[in-house]
Every structure is written in C-alpha cells, then in structure tokens.
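Residue 1 is where the sequence shown starts when you use the UniProt record's numbering, and the numbers rise one by one after that. Report on one structure; see the data block that follows.
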Amino acid sequence: EMGEKRRRSQAEESESGEKKKVKKEVEEELQEVEVKPKRDKSKRKEEEETVEALQVEQPTEKKEKKKKSRKSEVNAVEESSSSVDIFDEISSASILEDELIRRLRVFLNDNKDDESSVSSIRERASSVPFLGALLCSYNATRTAADRSILDCLMVLDRQFQVNLSAISPLVFDARAKENYEKLKELGRFLHIKLTADQVVSWLDEKQLWTTTIMGDHPRMEGKPSELYDTKFVLRLLLSIVQPGSELSCRLFVEHNCLSLAFSSASSEDEETRRLGMILLQRFLSLLMELKTDDFVEKSMVVYLIRLFKNSLETEAARVTHVISHFFARVSKLLLSPAHPVYAPICAFLTLKPTIELNQVPELFKLLLSSSTEHFEAEQTWLLNLLSAAMVDAADYRVLQNRSSLRLICSLFASCLSRMDTRKGALSVLKAVVSIPSAAFDCLVKQNMAAWIAATMQRSSLTRWEVIYLGEIYSLLLENARVYGRGRSGAVVGLALAKITVHSVTRRLGAGGVTAADTVAYGHIERAEKCILREWIASPDETQGDTVEN
1 EMGEKRRRSQ AEESESGEKK KVKKEVEEEL QEVEVKPKRD KSKRKEEEET
51 VEALQVEQPT EKKEKKKKSR KSEVNAVEES SSSVDIFDEI SSASILEDEL
101 IRRLRVFLND NKDDESSVSS IRERASSVPF LGALLCSYNA TRTAADRSIL
151 DCLMVLDRQF QVNLSAISPL VFDARAKENY EKLKELGRFL HIKLTADQVV
201 SWLDEKQLWT TTIMGDHPRM EGKPSELYDT KFVLRLLLSI VQPGSELSCR
251 LFVEHNCLSL AFSSASSEDE ETRRLGMILL QRFLSLLMEL KTDDFVEKSM
301 VVYLIRLFKN SLETEAARVT HVISHFFARV SKLLLSPAHP VYAPICAFLT
351 LKPTIELNQV PELFKLLLSS STEHFEAEQT WLLNLLSAAM VDAADYRVLQ
401 NRSSLRLICS LFASCLSRMD TRKGALSVLK AVVSIPSAAF DCLVKQNMAA
451 WIAATMQRSS LTRWEVIYLG EIYSLLLENA RVYGRGRSGA VVGLALAKIT
501 VHSVTRRLGA GGVTAADTVA YGHIERAEKC ILREWIASPD ETQGDTVEN
C-alpha cells in the first residue's frame, strides 16, 4: 500500500509539472501574439516615414537637376552666342586686328577641353568664310601677328578636329580672297582647286631663298617679316607633293622649294626636320614616277637626294648648317651647267656614295683652286657658303676640323687674292666672331686679335677693308668677353686685347670726317669700352654687365 501511494504521488507530481510547462508555453504564445501587432505597427510607421522622406527628397533632387540642366543650357547658349559673335565678326572683317585674334585665341584655349562646346565650335569654325578670313590675313611669316593666326589654326586642327583639308591648298595673304570667295559660292565639288604649280608660284622665290639661307641666323631676329614660317611652308608643300601629282619637278627645284627641304635638316626643332625629310622622300618618289615630266637634270637631282639620305646616320638627324646649306646651294647649281663651279661640284658628288658630315665639302679644292679661269668664282662660291653657314658652335667646329680659319686668313692676306675673294674672307671672319664660343677660341687659341692688328698696318689695304677689320675686332672682343667670363682663359684673352687695342684703334682713327670714318670711330669706342669692362669674374658675381649692341 505504501508503495502504491508513493507511485501515485510521483505520477501526480509529474502530471502537475507537465501542466505547468504547457501553461507556460501557452502564456508565451499569447505574449508573442500580443507583441507581433505592436511590432507590425512600428514597422509600418517606419516604412511610412521612409516613404515620406523619399517623397520629399525626390522633388528636391529633381529641382536641383532641373537647375543644373538650366544652368548648362544657359552656359551653352552663352558660349554659342559668344562663339557666333567671334566667328561672325572674323568672317565679316576685311582686316583682322591683333585684338580680335587675341580674343579668338583666348576663346579657343578656354573651350578646347569642354566637350559640350567642342562640337558647336567645330561646326562654326569649319565655315569657308571664317577660315578664308584667317588665311587672307595670314602672310606665313614669323611676325607675332602671323604666329597668333597660325596658333589658332593649329588649335582648330588638333583640338577641335576642324578639317582644314576641305579648303586645301591653304594659300594665304590678300591674293587668296578671290579663291575662297569662289569656294564659298560654288562649293567643294564645283570649285576648281589651284594646281600644284600655282601653289609653288604662290610662294615668293626670293623670300624662300632668304628663309633657306638665313632662317636660323641670329642677325635675322629683328626681321621676322622677311622670313617664311618654315613649318607652315613645308606642310603646304607636302599637300601638293603627292603620288600622281601634276607638279612640275623642275619648277619645284627652281623655285627654291627643294633647297628649303634640305635646309630644314639643320633646324633645332625635330618636327621641322621630320617634315623636311618627308618632303624629300615624297619628292624623290614623285621624280621616280614614269608620268612625271622629264627634264635634263632629273637624274642628278635624284642622285643628290639619295646622297643626302644615305649620308645621314639616323632618321631626321640634325646636320650642321654647313652641310644643309651645301646641298641647298647644289640643288640650285644643278640647273645651271654653265656655272663655273658646276664641274668640280659634280665631280665631288659622284666620287663617293656618301659624304662626311663633319667636314667642309671640297674646302681645299675650291679655296686653293688650280683653275686659271674660274679660280675666283670657285673661291667666292665656297666663301659665301661658309659666311651664311656660320650660325652656331657646331658649324665652327666643322670649319676648324682642318684648320680652315687660318687658310681663310692667309687667303685674305695674299697678294694674289682679288677683291671679291677678300670680301668673302672678311664676311666669313665676321660670321665666326659673331658666335661667342668661337670668338673666345679665336682670341685665346688662334690669336686673331694679333693677326688683325698686324694686317691692318698694311698700306695696300683700302679704307673699307680697314674699317671692316675694325668691326671684326670689336665683335671679337665683345663676344669673347661675354663667353670667357669665369673661364680659365679669360686672363689670357684680356691680356691679348690690351696688347692689340692701341694698334687697332690708332689705325682706325687715321681717317677724316666722312661717313665711313664715323663708323670707324664707333668701332674704336666699342673696343675701348670692352677693354674697361669686367673680363675675369663670372656673370653671376657681377650682375647687369652686358654687351651693348
């Protein structure tokens, strides 16, 4: 009985524990059911709040976007209106003033990186009246006004992708007005373009030759209107020297276009050299075509171009002015078989497949000519070449590779030399001492000051030669002083100048009161002032001590 009671009590306890667990579970479920609607309500409130916030943000964003679009539209309208103004103003102007070109440059530079305005500017700038107005005011020279116009054309071509070939060939100056007016009236397909020969004849032959010979010379810095812009002219010639072109090759050579291509090989600008080499290659290919016109000197011109290209060590290599001027002059010489220098130059060209680029071609053969009839013509031809080719220190080094300076000095002092030869020798000496580093070398190592002082004492010299030597002497001292300051040989240079200055000035002053004597007194003053200036200290130690030209 006791055991049964215990079992019953244990069973009742287990039942009561299970009932308690069930009650707890039921109560927990009821609590969860009560909490869920509260949670749902809070979530709904949060969702409603986020929706309201989004609805508030969306109109503000739309407003801001509308404002930005309106601003961009306003800016585009302003830019288009300003571009219309500047383009219309240029198109309708008979003469483009510098201020108008300056405004165009500023406008193009300010908008070249703005993609939204590039297309509208390209469309406006591609019009024939606008481009024609620019080119009619352009003279292809190196003046500031012409450079500004060329810069605008280059920006339009490279940054705005304006197709300039649509109006090619790009003839210039006031003579081109009729050509562009016809192009505007008839259109590209009906308009008859200028022929290649007409484009070549458009360029001034004398100005092309001046650009070829004196384009890099310091003495032409004050005369930019007398020189063509080499890059523009080379690009213009490249536009007509194409395969199948009806260009007259003889006219191309005769008009100094080939000479300009040769002279560009001595330019410091790599782009100019490459343009020149491309022009030479295209012209050579045009000469080799069967359809091109035949002229007697064609084979010699082909040989000359190949000789020049074979002599270069690398593509677009820079050569000295002595070499480039030699080929430029020879290209003209080939068209004149009756010239006294034609025979010796042709013999030299056919001697080897290449020429030495660090030597003066045919120096001894022409200066020490054995010809009894044409010795003076041969000497003056080479001396004129050297006087124009002495531009920088590299040209002087080529001249001095065979001690050519002493040979030229002895040629001037020789009693067998005629007046033209003596003039050529003096012009070479003046060109040499105009180079500061060469002047220092001539004073310290070549002792040119003593040679000038001794030569001026000769009674056989004319008054003109004495004054010319005095000018060379003053240039020698000035440029040697400028280059030699702070260098080891400055003391020697000053001593040589002091030793010779009195002899030179005394000979220069032994004249009258003519205009030539006034020039001589100017050389005396320059030489004496140069002696009194600082020679030893470097320019950094003594500021403001410069040569007065």
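Built from N, CA and C at the ideal position, the CB exists for glycine as well.
Subject >> PHE160 versus MET214: straight-line alpha-carbon distance, rounded >> reply: The residue labelled residue 160 in the question sits at position 160 within the sequence shown. The residue labelled residue 214 in the question sits at position 214 within the sequence shown. Going from the Cα of PHE160 to the Cα of MET214 covers about 35 Å.
Original post:
For GLY509, is the classification buried or exposed, using 16 other Cβ atoms within 10 angstroms of its Cβ as the cut-off for buried?
Top reply: Taking the first residue of the sequence shown as position 1, residue 509 is located at position 509. The residue is exposed, with fewer than 16 neighbouring Cβ atoms inside 10 Å.
Subject >> Status (buried if at least 16 other CB within 10 Å, exposed otherwise) for CYS415 >> reply: Within the sequence shown, numbered from 1, the residue matching residue 415 stands at position 415. Classification of CYS415: exposed, given that the 10 Å Cβ count is below 16.
**OP:** Please determine, among GLU254, ASN109 and VAL106, the residue with the shortest C-alpha to C-alpha distance to VAL200.
**Re:** On the sequence shown, residue 200 is found 200 positions in, with the first residue counted as 1. Considering only alpha carbons, the answer is GLU254.
Original post:
Roughly how many angstroms lie between the CA atoms of GLU289 and GLY244, to the nearest whole one?
Top reply: Taking the sequence shown and counting its residues from 1, the one referred to as residue 289 is at position 289. Taking the sequence shown and counting its residues from 1, the one referred to as residue 244 is at position 244. Each residue's Cα considered, the two are about 8 Å apart.
Original post:
Looking at C-beta atoms only, is the number of pairs between the segment 309 to 327 and the segment 391 to 401 that lie closer than 8 Å three or more?
Top reply: yes
**OP:** Tell me whether the beta-carbon of SER267 lies closer than 8 Å to the beta-carbon of ASP216.
**Re:** Reading the sequence shown from its first residue, position 267 is the one you call residue 267. Reading the sequence shown from its first residue, position 216 is the one you call residue 216. Cβ distance < 8 Å, so SER267 and ASP216 count as in contact.
Original post:
Can you list, in chain order, the residues of its chain whose CB lies under 7 Å from that of THR455, leaving out five sequence neighbours each side?
Top reply: Position 455 of the sequence shown holds residue 455. Result list for THR455: ALA413 and LEU469, in chain order.
Subject >> Bounding residues of the alpha helix (DSSP H) (the contiguous stretch that carries ALA377) >> reply: Residue mapping note: residue 377 aligns to position 377 of the sequence shown, counting from 1. Its alpha helix (DSSP H) spans residues 375 to 389.
Subject >> Inter-residue Cα distance where the pair is PHE308 and LEU385 >> reply: The residue labelled residue 308 in the question sits at position 308 within the sequence shown. The residue labelled residue 385 in the question sits at position 385 within the sequence shown. For PHE308 and LEU385, the distance between alpha carbons rounds to 17 Å.
Original post:
Looking only at its own chain, which residues have a Cβ that is under 6 Å from the Cβ of SER225, when we skip the five neighbours before and after it?
Top reply: In the sequence shown, counting from the first residue as 1, residue 225 sits at position 225. Same-chain partners within the cutoff: THR141 and THR143.
Original post:
Excluding five sequence neighbours on each side, which residues of the same chain lie with their C-beta closer than 8 Å to the C-beta of ASN310?
Top reply: Position 310 of the sequence shown, counted from the first residue, corresponds to residue 310. Excluding positions up to five away in sequence, the list reads PRO353 and THR354.
Original post:
If you run the structure through DSSP and keep just helix, strand and coil, what is THR211?
Top reply: In the sequence shown, the residue the question calls residue 211 occupies position 211. Looking at THR211 - three-state DSSP - the assignment turns out to be helix.
**OP:** From the DSSP output, in three-state form, read off ARG122 for me.
**Re:** Along the sequence shown, read from residue 1 onward, the residue named residue 122 stands at position 122. DSSP places ARG122 in helix when its eight states are reduced to three.
Original post:
Which term fits LEU190, buried or exposed, when burial requires 16 or more other beta carbons within 10 angstroms of its beta carbon?
Top reply: On the sequence shown, position 190 is the one that residue 190 refers to. Its Cβ having fewer than 16 others within 10 Å, LEU190 is exposed.
Original post:
Going by Cα to Cα distance, which pick from PHE348, SER127 and TYR180 is closest to PHE172?
Top reply: Working through the sequence shown from its first residue, we reach residue 172 at position 172. For PHE172, the nearest C-alpha among the options comes from TYR180.
Subject >> Pairwise C-alpha distance: SER263 and ILE95 >> reply: The residue you call residue 95 lines up with position 95 of the sequence shown. The residue you call residue 263 lines up with position 263 of the sequence shown. Rounded to whole angstroms, ILE95 to SER263 spans 33 Å at the Cα level.
**OP:** May I ask you to verify whether the segment 326 to 340 touches the segment 273 to 281, counting CB pairs closer than 8 Å and requiring at least 3?
**Re:** no
Original post:
For VAL35, does the count of other Cβ atoms within 10 angstroms reach 16, so buried, or fall short, so exposed?
Top reply: Residue 35 sits at position 35 when you count from the first residue of the sequence shown. Because VAL35 sits at a pLDDT of 47, beneath the cut-off of 50, its placement in the model cannot be relied upon, and the following sentence gives the value as read from the coordinates. That one is exposed.
**OP:** Could you check if THR514 is buried or exposed, using at least 16 other CB atoms within 10 Å of its CB as the buried criterion?
**Re:** To locate residue 514, count along the sequence shown from 1; it is residue 514. THR514 should be labelled exposed.
Original post:
If you draw a straight line from the alpha carbon of SER403 to that of VAL432, how long is it in whole angstroms?
Top reply: The sequence position of residue 403 within the sequence shown is 403, counting from 1. The sequence position of residue 432 within the sequence shown is 432, counting from 1. So the two alpha carbons sit approximately 13 Å from each other.
**OP:** Answer yes or no: do SER503 and ALA453 have a C-beta to C-beta separation smaller than 8 Å?
**Re:** Taking the first residue of the sequence shown as position 1, residue 503 is located at position 503. Taking the first residue of the sequence shown as position 1, residue 453 is located at position 453. Yes. Within cutoff.
Original post:
How many whole angstroms separate the CB atoms of VAL501 and ALA480, which I take to be in contact at a CB cut-off of 8 Å?
Top reply: If you number the sequence shown from 1, residue 501 lands on position 501. If you number the sequence shown from 1, residue 480 lands on position 480. Rounded, the Cβ-Cβ distance is 13 Å, inconsistent with contact.
Original post:
If you drop the 5 nearest sequence neighbours on each side, which residues of the same chain put their C-beta closer than 7 Å to that of ALA174?
Top reply: Position 174 of the sequence shown, counting from 1, holds the residue named residue 174. For ALA174, where only same-chain residues beyond five positions count, the Cβ hits under 7 Å are CYS136.
**OP:** Consult DSSP for THR272 and reduce its assignment to one of helix, strand or coil.
**Re:** Reading the sequence shown from its first residue, position 272 is the one you call residue 272. Helix, per DSSP.
Original post:
In terms of alpha-carbon separation, which member of ASN111, LEU280 and THR380 lies closest to VAL428?
Top reply: Numbered from its first residue, the sequence shown carries residue 428 at position 428. Residue THR380 is the option with its Cα nearest to VAL428.
**OP:** Please list the segments of the alpha helix (DSSP H) lying wholly inside the segment 477 to 513, counting only runs of 4 or more residues, in order along the chain.
**Re:** 490 to 508
**OP:** Please list, in chain order, all residues of the same chain as VAL302 whose beta carbon is under 8 Å from its beta carbon, the five residues on each side excluded.
**Re:** Within the sequence shown, numbered from 1, the residue matching residue 302 stands at position 302. Excluding sequence neighbours, VAL302 sits near LEU284, LEU287 and MET288.
**OP:** Kindly indicate which three-state DSSP category TYR228 falls into: helix, strand or coil?
**Re:** Taking the sequence shown and counting its residues from 1, the one referred to as residue 228 is at position 228. In the structure shown, TYR228 sits in a strand (DSSP, three-state: E or B).
**OP:** Starting from the C-beta of LEU208, find all residues in its chain whose C-beta is less than 8 Å away, skip the five residues before and the five after it, and write them out in chain order.
**Re:** As a position in the sequence shown, residue 208 is number 208, starting the count at 1. Contacts found: TYR228, VAL233, HIS255, ASN256, CYS257, SER259 and LEU260.
**OP:** Determine, using beta carbons only, whether ALA439 and LEU496 come nearer to each other than 8 Å.
**Re:** For the purposes of this step, residue 439 is taken as residue 439 along the sequence shown, with counting starting at 1. For the purposes of this step, residue 496 is taken as residue 496 along the sequence shown, with counting starting at 1. Result no, Cβ atoms of ALA439 and LEU496 do not sit closer than 8 Å.
**OP:** Pull up the CB-CB distance for VAL155 and LEU100, whole angstroms please, since I reckon it's below 8 Å.
**Re:** To locate residue 155, count along the sequence shown from 1; it is residue 155. To locate residue 100, count along the sequence shown from 1; it is residue 100. Not quite, the Cβ-Cβ distance comes to about 16 Å (not below 8 Å), so this is no contact.
**OP:** Give the single residue among LYS184, VAL330, ASN401 and VAL341 whose Cα lies nearest to the Cα of GLU378.
**Re:** Position 378 of the sequence shown, counted from the first residue, corresponds to residue 378. Nearest option by C-alpha distance: VAL341.
Original post:
Can you tell me whether DSSP reads THR141 as helix, strand or coil?
Top reply: Taking the first residue of the sequence shown as 1, we reach residue 141 at position 141. If DSSP states are grouped into helix, strand and coil, THR141 belongs with the strands.
Original post:
Considering TRP451, what are the terminal residues of the alpha helix (DSSP H) in which it resides?
Top reply: For this step, residue 451 is matched to residue 451 along the sequence shown. It spans 448 to 455 - the alpha helix (DSSP H) in which TRP451 sits, taken as one unbroken run.
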